[in-house]
Amino acid sequence: MNFLERFPSSAEGYDFRAERNPAILLYGRRFYKDQTPLEYLVEFLMSFASPKDSSGNAELQFKIIPDEKQRYGYYPKEHIILKLFSFFSDSKLDTRHHIHRQTYLYAIHRCKESIDAPEEERDETLKLLQNLMSGFAGISKNRTWVTFTFYPAAKSLISKEVTWQHPEALKESKGKIQDWHSSLQYFDYNTRNFMGRGGELLFLQLANLFEHKDDSDISSFVKKSHYEHLQRNSLAELQDNLEKSLSGILNYSVTQLENIASFLENSLHELVPEDEGKSFSAFAWVPRATKKEALLFATEMNNICSSSMGPLEKIDFINKLVTMHVMRSLCFQAQRANEDQNHTAGFEGNYVWIASDHKALANNPARRLSVESYNKIETLLYRALRSPYITSNGTQFSKKEYENADDNCFRHFRKFGKELGIVIPKTGPSQRFALNPELIRFLITALLTPGEYLRLTDFYNRVFAHYGIALGGEPLATALSWLGGGISDKTYGVDINTDWVEEALQQGGYLIELSDAVSIVHNPGREA
Numbered sequence: 000m001n002f003l004e005r006f007p008s009s010a011e012g013y014d015f016r017a018e019r020n021p022a023i024l025l026y027g028r029r030f031y032k033d034q035t036p037l038e039y040l041v042e043f044l045m046s047f048a049s050p051k052d053s054s055g056n057a058e059l060q061f062k063i064i065p066d067e068k069q070r071y072g073y074y075p076k077e078h079i080i081l082k083l084f085s086f087f088s089d090s091k092l093d094t095r096h097h098i099h100r101q102t103y104l105y106a107i108h109r110c111k112e113s114i115d116a117p118e119e120e121r122d123e124t125l126k127l128l129q130n131l132m133s134g135f136a137g138i139s140k141n142r143t144w145v146t147f148t149f150y151p152a153a154k155s156l157i158s159k160e161v162t163w164q165h166p167e168a169l170k171e172s173k174g175k176i177q178d179w180h181s182s183l184q185y186f187d188y189n190t191r192n193f194m195g196r197g198g199e200l201l202f203l204q205l206a207n208l209f210e211h212k213d214d215s216d217i218s219s220f221v222k223k224s225h226y227e228h229l230q231r232n233s234l235a236e237l238q239d240n241l242e243k244s245l246s247g248i249l250n251y252s253v254t255q256l257e258n259i260a261s262f263l264e265n266s267l268h269e270l271v272p273e274d275e276g277k278s279f280s281a282f283a284w285v286p287r288a289t290k291k292e293a294l295l296f297a298t299e300m301n302n303i304c305s306s307s308m309g310p311l312e313k314i315d316f317i318n319k320l321v322t323m324h325v326m327r328s329l330c331f332q333a334q335r336a337n338e339d340q341n342h343t344a345g346f347e348g349n350y351v352w353i354a355s356d357h358k359a360l361a362n363n364p365a366r367r368l369s370v371e372s373y374n375k376i377e378t379l380l381y382r383a384l385r386s387p388y389i390t391s392n393g394t395q396f397s398k399k400e401y402e403n404a405d406d407n408c409f410r411h412f413r414k415f416g417k418e419l420g421i422v423i424p425k426t427g428p429s430q431r432f433a434l435n436p437e438l439i440r441f442l443i444t445a446l447l448t449p450g451e452y453l454r455l456t457d458f459y460n461r462v463f464a465h466y467g468i469a470l471g472g473e474p475l476a477t478a479l480s481w482l483g484g485g486i487s488d489k490t491y492g493v494d495i496n497t498d499w500v501e502e503a504l505q506q507g508g509y510l511i512e513l514s515d516a517v518s519i520v521h522n523p524g525r526e527a
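Mapping of the sequence shown onto numbering that gives the first Met the number 0: residues 0 to 527, in sequence order.
Here it is as C-alpha cells:
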C-alpha cells in the first residue's frame with residue numbers, strides 16, 4: 000500500500016529486527032514508549048540543529064542531504080565535558096568511576112582559574128555556575144551523569160545520547176584506564192536507550208513535507224473548507240518562518256546560557272574529546288503519507304513560535320505539541336491501515352477523540368461518550384498493527400513481536416495521554432479524553448495565530464480539524480456517527496452540555512460574548 004512507502008526511500012539503518020516489528024513497518028522507525036516527551040523534543044531539535052554532513056551543511060534546517068558516503072543522517076554534538084561539570088555531583092554513586100571524579104575535580108579547578116574576578120569572588124561565582132547548569136537538568140531520574148538530558152534552552156545544551164559502560168570499565172576489558180582520555184573508550188555513542196529515534200521520526204515528517212512542497216495531495220488538502228486557514232503561508236514561507244524562529248530560540252533567546260556553556264567548554268578544551276561532533280547518526284525512515292499531519296504540526300509550531308511568549312515558555316509549549324502530535328500521528332496512520340474506513344466530515348484523520356470536562360461526574364453523558372471514544376481509539380490502534388496491509392507479503396509475526404509493537408502503539412498512546420493529562424484517570428477504570436485549563440490554553444496558542452479572533456463554532460471546527468477532538472457543534476454530531484453502535488445524536492445530543500468548554504475559555508480570558516447567540520474565541524497573545 001502507498002501509505003507504507005518510505006521517506007527517504009534509500010534510508011540507512013535497515014535492520015532485520017526492525018522489519019520484524021509491525022509498529023515500525025506501519026509508523027516508521029520509530030515511535031518508542033520508553034522515550035520521555037522531553038527526550039522526543041530534544042532529539043527532534045537535535046536533528047534540526049545538527050549539520051547533515053561532515054562539512055557542516057543543512058544545520059538548523061528541515062532538510063536531509065546525502066553525505067560523502069551517500070548516507071542520510073546528521074552529526075550531533077555530545078557535550079560530555081559540559082555534562083560532567085553540570086551533573087557529576089548529582090549522579091548515581093554506584094556508577095561514578097574514580098577517574099571521572101578526578102577529572103571533575105580538575106574541571107572545577109580549571110574553571111575557577113578561568114573566571115576573571117578577584118580570588119575571593121571566584122568560589123561564589125563557580126557555585127553559581129554549577130547551580131545554574133545543574134538547574135537545566137531536564138531528565139535525570141536514577142541515571143549516570145553522562146545520560147542526564149539537558150532542558151533544551153539553548154543549542155549548546157542539546158546533546159546526543161551517550162552511555163557509560165560501567166561493568167566493562169571496572170573490568171578494563173578494552174584497555175587500562177589511567178586518565179580521562181583513556182576512559183573515553185568506555186563511552187558508547189551508539190545506544191538508543193533514552194533517545195530511541197522518536198524525535199528523528201518527527202523531524203523526518205517535516206523534512207518529507209518540505210521536500211514535496213508541490214504535491215497535489217497537499218494542495219487539495221488546504222483547499223478544503225476546514226483547512227483554508229493553512230493557506231496563510233505557502234509551504235516555502237512556513238518552512239522559512241519555522242527555521243528562523245527555532246534558530247532564534249536556540250541561538251539568541253537565552254544568549255547568557257550559550258555564553259556560559261561556551262565559556263565552560265573553552266575553559267576545559269583539553270578535556271573535550273577530539274571526535275566531538277564527528278559521530279554520524281543515521282536517519283531511518285518515515286511513511287511518505289504523513290505529510291498532512293506534518294503540515295498541521297508545522298503550522299501549530301509556527302503559531303507558538305510567532306507569539307510574544309518568552310523562549311522557555313515557547314519550548315514548554317512545543318514540548319506539549321510534540322506529545323500531542325505523537326498521539327495524533329499514531330491515530331492518523333492507524334486509520335490509513337484500517338479496512339473499515341469511516342469518514343469524519345471536517346477532519347482528515349477519520350477518527351474522533353470526544354473530550355469531556357476533567358471534573359465531570361460518572362453519570363455525565365459527555366463523560367460516558369468520552370470513555371467509549373477512548374476505547375474505540377485503543378481498538379483502532381491495536382487492530383492497525385494486525386492489518387493485512389502490513390502482512391501482505393506473507394510475513395507472520397510472533398506473539399512476542401506483537402507485544403513489543405503494542406508497547407509502542409496503543410500503550411505508547413495511553414502513556415503519553417496520561418502524562419499530558421488529556422487521558423484520565425492515571426490509574427483505574429473508565430479511561431477517557433478530557434481537557435483541563437492548561438490544555439485549553441495550549442489549543443488556543445497552537446491553533447490560533449497571536450491576536451486572532453474566531454467564532455466559537457469555528458473554534459470547535461478548528462480543534463476538530465487539527466486533532467479530531469470533538470467539543471461541541473457539528474464535530475460532536477460527526478463524532479456520534481463515528482462511534483456508531485446504535486449511538487445517535489437523538490440519544491445523546493439533547494443531554495450533552497458543552498457549557499464547561501465555554502466556562503473554561505471564559506476563565507482563561509479567551510472568550511468574548513457578543514450576545515446570547517454569538518461568542519468569539521480570542522488568542523490574546525501578541526505577535527513577536
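A virtual CB, placed ideally from N, CA and C, is assigned to each residue, including glycine.
Y71 is classed as buried because its beta carbon has at least 16 other beta carbons within 10 Å across all chains shown. Only buried fits K154, as 16 or more other CB atoms lie within 10 angstroms of its CB.
Counting along the chain, no beta strand (DSSP E) covers Y509, and no H or E run does either. In this structure, the CA atom of Y452 is about 7 Å from the CA atom of N522. L434: member of the beta strand (DSSP E) spanning 431–434, first to last residue. Distance check between I314 and each of M326, V325, N301 places N301 closest, using alpha-carbon atoms only. A residue is called buried once 16 or more other Cβ atoms fall within 10 Å of its Cβ, and G393, having fewer, is exposed. E199 is positioned such that its CB atom lies no closer than 7 Å to that of F296.
Its chain contains K154 as the residues whose beta carbon lies nearer than 6 Å to that of N250, once the 5 sequence neighbours on both sides are disregarded; these appear in chain order. Note on geometry: alpha-carbon atoms of S480 and E210 lie some 37 Å from one another. Taking G195 as the centre and dropping the five residues before and after it, the same chain places the C-beta of Y31, Q34 closer than 6 Å to its C-beta, in chain order. The bridge partners DSSP lists for E526 are S306.
Nearest to Y188 by C-alpha distance, out of E120, P272, F135, L241, is P272.
Collapsing the DSSP output to three states places D498 in a helix. Bridge pairing for Y74: absent [DSSP]. In this structure the stretch 83–92 touches the stretch 122–140; the number of beta carbon pairs closer than 8 Å is three or more.
The three-state reading of DSSP puts R19 in coil, since its state is none of H, G, I, E or B. Taking C-beta separations shorter than 6 Å and ignoring five residues to either side along the sequence, the partners of H324 in its chain run F296, following chain order. Residue pairing by DSSP places A354 opposite F432 in a beta bridge.
T444 is bridged by DSSP to nothing; it lacks a bridge partner.
Residue state for G348 is assigned as coil, using DSSP reduced to three classes.
Put simply, the stretch 398–410 does not touch the stretch 496–513. Fewer than three CB pairs are less than 8 Å apart.
Judged by their CB atoms, F432 and A206 are not nearer to each other than the 7 Å cut-off. Under DSSP, A281 forms a beta bridge with G72.
Burial of K319 is indicated by the presence of at least 16 other C-beta atoms within 10 angstroms of its C-beta. Per DSSP, V145 lies in no beta strand (DSSP E) segment and is marked neither H nor E.
Taking the CA atoms as reference points, G27 sits about 51 Å from R121. The Cβ atoms of A464 and F331 do not sit closer than 7 Å to each other. Counting other Cβ atoms within 10 Å of its Cβ, D66 reaches 16 or more and is therefore classed as buried.
In this structure, the CA atom of T343 is about 26 Å from the CA atom of K414. A check of alpha carbon separations from S429 across L475, L256, K417 identifies K417 as the nearest.
The shortest C-alpha to C-alpha distance from L25 to any of V500, G420, L419, P387 is the one to P387.
DSSP places F396 in the coil class of the three-state scheme, outside both helix and strand. By the C-beta density criterion, V517 is exposed, having fewer than 16 other C-beta atoms within 10 angstroms.
The beta-carbon distance between R335 and E292, rounded to whole angstroms, is 10 Å. This is too long to meet the 8 Å contact definition. According to DSSP, I138 shares a beta bridge with T148.
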